[in-house]
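Chemist: With this note's numbering, letter number 275 in the sequence shown gets 365, and the count goes up by one each step, no holes.
Using N, Cα and C, we set each Cβ at its ideal position, and we do this for glycine too.
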Amino acid sequence: MTPAAAAPRSQAMAGIVMMCVAVALLCVNDAFGKTLAADYSPFQILFLRNLIALPFAVLIALKMGGPSALVSRRPAAHLVRGLIWVAAAATFFTSLTFLGLAEATALVFAAPVFVTALSALVLKEQVGWRRWSAVLVGFAGVVIVVRPGSGTFQLASLLPVATAFLYASLMISARWVDPRESVWTLMLYLVGAGAMLCAPVLPFVWVEIRAQDIWLFAGIALFGTAGVTLMTQAVRLVPAVVVAPFDYTALIWATALGWLVWNEIPDLATYIGAAVIILSGLFIVFRERQLETAEPDDQGVSPGS
91 MTPAAAAPRS QAMAGIVMMC VAVALLCVND AFGKTLAADY SPFQILFLRN LIALPFAVLI
151 ALKMGGPSAL VSRRPAAHLV RGLIWVAAAA TFFTSLTFLG LAEATALVFA APVFVTALSA
211 LVLKEQVGWR RWSAVLVGFA GVVIVVRPGS GTFQLASLLP VATAFLYASL MISARWVDPR
271 ESVWTLMLYL VGAGAMLCAP VLPFVWVEIR AQDIWLFAGI ALFGTAGVTL MTQAVRLVPA
331 VVVAPFDYTA LIWATALGWL VWNEIPDLAT YIGAAVIILS GLFIVFRERQ LETAEPDDQG
391 VSPGS
């Protein structure tokens, strides 16, 4: 193997390792959030998380993007994205007070399915029958996990589904940001907007912080910021189609943490539904990659397939 050939493979491996570590960190972040959500409002958790993370986000943006990363050409777009993100995080943390970590995580995996549906319905992009079929399969997986009409159904199960929809909306809303702005600017303004938007709610939900919980608030800021940063770097190093499948390793970590900390053991239906959701998401990711790399006349494949 030549050095030139080895370099891309080494870079791909670095991206995969970064993605796996990022997913593990974000699962620990979710576990901290589940612990805190038992005693604190999601808005208090989010405010303190973003407030603690903000200086680090500024330093990361400066180091990776330079002073220009601190300036946005469309601050209103970031404010709207911040609102969507706060809503997504609030619904997810609320769901963790009722559901197991693995079950909530499995349902959030539906986000790529919602992205495809929203791309067609909101952005008017062409989505062909193959990807629409994957969307339907993904929703079938959600139904398997949620089990509406069964004795085990909980309304709280719809909260992670709402989170997945909001996360998908957040991804779609990136189109509103000036394309000249770096991903570090997006990260910085998301953190800043999150803290700013939660602040007005604090007088109504604030609970005095117990001394033993301070480390949890510091941990959720540290692990969350580190996870998002590593995930961003992984996608920058290698194509998203290479690292995206490793996002689903979150189910392993969520299951392990749920079992170790709360003695939660997901039932078989949760795993079956999660597998269906993951397979539909993987198909969407690989199909997107296939369409991006295909020639216009490649075997007669149309852009909307």
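1) Check Tyr-361 in the structure and name its three-state DSSP category.
2) If you draw a straight line from the alpha carbon of Thr-92 to that of Ser-100, how long is it in whole angstroms?
3) Less than 8 Å between the CB atoms is what I'm expecting for Leu-287 and Arg-171, so what's the real figure, rounded?
4) Trp-156 to Gly-363, Cα distance in whole Å?
5) Along the chain, where does the alpha helix (DSSP H) containing Phe-229 start, and where does it finish?
6) Can you list, in chain order, the residues of its chain whose CB lies under 7 Å from that of Leu-138, leaving out five sequence neighbours each side?
7) How big is the Cα-Cα spacing for Leu-211 and Phe-376?
8) Compute the distance between the beta-carbons of Phe-229 and Val-198, then report whether it is under 8 Å.
9) Where Ala-200 and Trp-222 are concerned, what is the direct C-alpha to C-alpha distance, given to the nearest angstrom?
10) Starting from Tyr-279, trace the alpha helix (DSSP H) both ways and give me its first and last residue.
11) Note down, in chain order, each residue of its chain lying with its Cβ closer than 7 Å to the Cβ of Gly-371, except the 5 sequence neighbours on either side.
12) Name the residue from Ala-177, Leu-358, Phe-133 whose alpha carbon lies nearest to the alpha carbon of Ser-259.
13) Per the contact definition of three or more C-beta pairs closer than 8 Å, is the segment 292–306 in contact with the segment 182–197?
14) For Val-148 and Leu-292, what's the separation of their Cα atoms in angstroms?
15) Could you name the residues of the same chain whose beta carbon sits closer than 7 Å to that of Gly-284, not counting the 5 residues immediately before and after it, in chain order?
16) State the DSSP-derived secondary structure class of Lys-153, mapped to helix, strand or coil.
17) Do you know offhand how far Val-232's Cα is from Ile-367's?
18) Answer with buried or exposed for Glu-215, where buried requires no fewer than 16 other C-beta atoms within 10 angstroms of its C-beta.
19) Assuming Val-132 contacts Ala-194 under a Cβ cut-off of 8 Å, what Cβ separation, rounded to an integer in Å, is found between them?
20) Considering only C-alpha positions, which residue in the set Lys-153, Thr-184, Gln-134, Asp-129 is nearest to Thr-396?
21) Can you tell me whether DSSP reads Phe-199 as helix, strand or coil?
22) Pick from Ala-128, Leu-169, Thr-253, Arg-220: whose alpha carbon is nearest that of Thr-181?
23) Looking at the unbroken alpha helix (DSSP H) that takes in Thr-345, where does it start and where does it end?
24) Using C-beta distances below 7 Å, list every residue in its chain close to Val-205, excluding the 5 sequence neighbours before and after it, in chain order.
25) Just checking my contact of Asn-119 with Gly-317 at CB under 8 Å: how many whole Å lie between their CB atoms?
Modeler: On the basis of the supplied data:
1) To locate residue 361, count along the sequence shown from 1; it is residue 271. Helix.
2) For the purposes of this step, residue 92 is taken as the residue at position 2 of the sequence shown. For the purposes of this step, residue 100 is taken as the residue at position 10 of the sequence shown. Legend: pLDDT at Thr-92 = 46, less than 50; position of this residue unreliable, no value from coordinates given.
3) Here residue 287 refers to the residue found at position 197 of the sequence shown. Here residue 171 refers to the residue found at position 81 of the sequence shown. The pair is not a contact, with the Cβ atoms about 11 Å apart (cut-off 8 Å).
4) As a position in the sequence shown, residue 156 is number 66, starting the count at 1. As a position in the sequence shown, residue 363 is number 273, starting the count at 1. This sequence places Gly at residue 156; Trp is not what is there. Whole-angstrom Cα-Cα distance: 44 Å.
5) Counting from one through the sequence shown, the residue named residue 229 turns up at place 139. From DSSP, the alpha helix (DSSP H) with Phe-229 extends over 219–236.
6) In the sequence shown, residue 138 corresponds to position 48, counting from 1. These residues qualify, in order along the chain: Phe-307.
7) For the purposes of this step, residue 211 is identified with residue 121 of the sequence shown, where counting begins at 1. For the purposes of this step, residue 376 is identified with residue 286 of the sequence shown, where counting begins at 1. Using only the alpha carbons, I get a separation of about 21 Å.
8) Taking the sequence shown and counting its residues from 1, the one referred to as residue 229 is at position 139. Taking the sequence shown and counting its residues from 1, the one referred to as residue 198 is at position 108. Result no, Cβ atoms of Phe-229 and Val-198 do not sit closer than 8 Å.
9) Taking the first residue of the sequence shown as position 1, residue 200 is located at position 110. Taking the first residue of the sequence shown as position 1, residue 222 is located at position 132. Going by the C-alpha atoms only, they are around 14 Å apart.
10) What you label residue 279 is simply residue 189 of the sequence shown in a count that begins at 1. Tyr-279 -> alpha helix (DSSP H) spans 273–288.
11) If you number the sequence shown from 1, residue 371 lands on position 281. Once the five neighbours on either side are set aside, the close Cβ partners of Gly-371 are Phe-199, Pro-202, Val-203, Gly-228.
12) Mapped onto the sequence shown, residue 259 falls at position 169. Minimum Cα distance to Ser-259 is reached at Ala-177.
13) no
14) Locating residue 148 in the sequence shown gives position 58, where the first residue counts as 1. Locating residue 292 in the sequence shown gives position 202, where the first residue counts as 1. Cα-Cα distance, rounded: 24 Å.
15) Looking up residue 284 in the sequence shown gives position 194. Same-chain partners within the cutoff: Leu-136, Asn-140, Gly-172, Trp-175, Val-176.
16) Stepping through the sequence shown from its first residue, residue 153 is reached at position 63. Looking at Lys-153 - three-state DSSP - the assignment turns out to be helix.
17) Counting from one through the sequence shown, the residue named residue 232 turns up at place 142. Counting from one through the sequence shown, the residue named residue 367 turns up at place 277. C-alpha separation (whole angstroms): 7 Å.
18) The sequence position of residue 215 within the sequence shown is 125, counting from 1. Classification for Glu-215: exposed.
19) In the sequence shown, residue 132 corresponds to position 42, counting from 1. In the sequence shown, residue 194 corresponds to position 104, counting from 1. Reading off the sequence shown, one finds Pro at residue 132, where the question assumed Val. Incorrect: roughly 13 Å between the Cβ atoms, too far for contact.
20) There is simply no residue 396 to check, as the chain begins at 91 and stops at 395 in what is shown.
21) Position 109 of the sequence shown, counted from the first residue, corresponds to residue 199. Phe-199: coil per DSSP, three-state reduction.
22) Walking along the sequence shown from the start, residue 181 turns up at place 91. Answer by Cα proximity: Thr-253.
23) Counted from its first residue, the sequence shown places residue 345 at position 255. 340–352 is the extent of the alpha helix (DSSP H) around Thr-345.
24) Here the question's residue 205 lines up with position 115 in the sequence shown. Counting only Cβ-Cβ distances below 7 Å, and skipping sequence neighbours, we find Ala-258, Met-261, Ile-262.
25) Taking the first residue of the sequence shown as position 1, residue 119 is located at position 29. Taking the first residue of the sequence shown as position 1, residue 317 is located at position 227. Sure, about 6 Å apart at Cβ, within 8 Å.
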